[in-house]
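Participant: Below: one structure in structure tokens.
Residue numbers (mature numbering (1 follows the signal peptide of the UniProt record, and there is no 0)): -17 to -1, 1 to 183.
Right, dumping it as structure tokens:
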């Protein structure tokens, strides 16, 4: 009986170790539309305790904006089915622009503590090491090959159906949606009560 209890405790400990939970400090709401039709709302939990610099940058563009530049009105300019949707280019709207609140254009990778474990992971798009700006992507599958190369800083907590709709839109050979997919409204909410999300 003693050995059975010990074995059971080991199993529980192993499962608990695999179930990594992360505190959510803020929620960002994206209302998404295409050609005037509302596709729905994406709600993202941000990990401000793990990557505060990255989250502060994202919040600036998701909220009031920076020098007139903000996510509201910007496009999801790159969509690849069974991979990710990418947006956040508040400069050129096509993936070529970059800006940040931590420098004129880029800021350094904060850390790679969190991994691309499954669908709904919010991560920084970049052009190589230490080139984080305003662009981001949301995964639709696990993408472990991006671990150590892109900074994870949030996870979708509501609206994966909207993301799935976006990932299935028709695109050009360059992965650009044929019909514009727009963030029609964006706002930020600070989380005051304890809220966590699993990163399994």
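Cβ atoms here follow ideal geometry from the backbone N, Cα and C, with glycine treated the same way.
At what residues does the alpha helix (DSSP H) containing residue 122 begin and finish?
Facilitator: Unbroken run through residue 122 is the beta strand (DSSP E), 119 to 122; no alpha helix (DSSP H).
Participant: Note the first and the last residue of the continuous alpha helix (DSSP H) segment covering residue 150.
Facilitator: Residues 143 to 150.
Participant: Output needed for residue 4: all residues of its chain with C-beta closer than 6 Å, excluding positions within five of it in sequence on either side, in chain order.
Facilitator: Hits under 6 Å: 179, 181.
Participant: Measuring only the C-alpha atoms, how far is residue 84 from residue 115?
Facilitator: If you take the alpha carbons of residue 84 and residue 115, they lie about 11 Å apart.
Participant: Counting only runs that start and end within the region 53 to 116, where is the beta strand (DSSP E) found for 3 or more residues in a row?
Facilitator: Listed in chain order, they are 59 to 63, 67 to 70, 104 to 107.
Participant: What's the gap between the Cα of residue 42 and the Cα of residue 171?
Facilitator: Each residue's Cα considered, the two are about 7 Å apart.
Participant: Helix, strand or coil for residue 50, going by three-state DSSP, please let me know.
Facilitator: It is coil, neither helix nor strand.
Participant: Would you list, in sequence order, the uninterrupted alpha helix (DSSP H) runs of no fewer than 4 residues that lie entirely inside the region 2 to 53?
Facilitator: Listed in chain order, they are 35 to 45.
Participant: The beta strand (DSSP E) that contains residue 181, what's its start and end?
Facilitator: Run containing residue 181: 179 to 181, per the beta strand (DSSP E) assignment.
Participant: Take residue 104 as the anchor and find which of 122, 159, 117, 92 has the nearest alpha-carbon.
Facilitator: Checked all of 122, 159, 117, 92; the closest Cα to residue 104 is 122.
Participant: Roughly how many angstroms separate the alpha carbons of residue 177 and residue 9, rounded to a whole number?
Facilitator: So the two alpha carbons sit approximately 11 Å from each other.
Participant: Measuring only the C-alpha atoms, how far is residue 88 from residue 37?
Facilitator: Between residue 88 and residue 37, the C-alpha separation is close to 14 Å.
Participant: Using a 10 Å radius around the Cβ and a threshold of 16 neighbouring Cβ atoms, would you call residue 150 buried or exposed?
Facilitator: Under this definition residue 150 is a buried residue.
Participant: Whole angstroms is fine: what's the gap from residue 15's alpha carbon to residue 55's?
Facilitator: Cα-Cα distance, rounded: 9 Å.
Participant: Can you give the Cα-Cα distance for residue 132 and residue 19, rounded to whole angstroms?
Facilitator: So the alpha carbons of these two residues sit roughly 36 Å apart.
Participant: Tell me whether the beta-carbon of residue 22 lies closer than 8 Å to the beta-carbon of residue 139.
Facilitator: Against a cut-off of 8 Å, the Cβ pair of residue 139 and residue 22 comes out as no contact.
Participant: In chain order, what residues of the same chain have a beta carbon less than 8 Å from the beta carbon of residue 113, not counting five sequence neighbours either side?
Facilitator: Excluding sequence neighbours, residue 113 sits near 89, 90, 91, 92.
Participant: What's the gap between the Cα of residue 173 and the Cα of residue 86?
Facilitator: Roughly 24 Å between the two C-alpha positions.
Participant: Between the Cα of residue 148 and those of 134, 164, 137, spot the shortest distance and give me the residue it belongs to.
Facilitator: Nearest C-alpha to residue 148: 164.
Participant: Give me, in chain order, the residues of the same chain whose beta-carbon lies closer than 8 Å to that of residue -1; leave out the 5 immediate sequence neighbours on both sides.
Facilitator: In this prediction, residue -1 has a pLDDT of 45, which is less than 50 and means its spatial position is unreliable; nothing more can be read from the coordinates.
Participant: Beta-carbon separation of residue 30 and residue 136 under 8 Å?
Facilitator: Cβ atoms of residue 30 and residue 136: closer than 8 Å.
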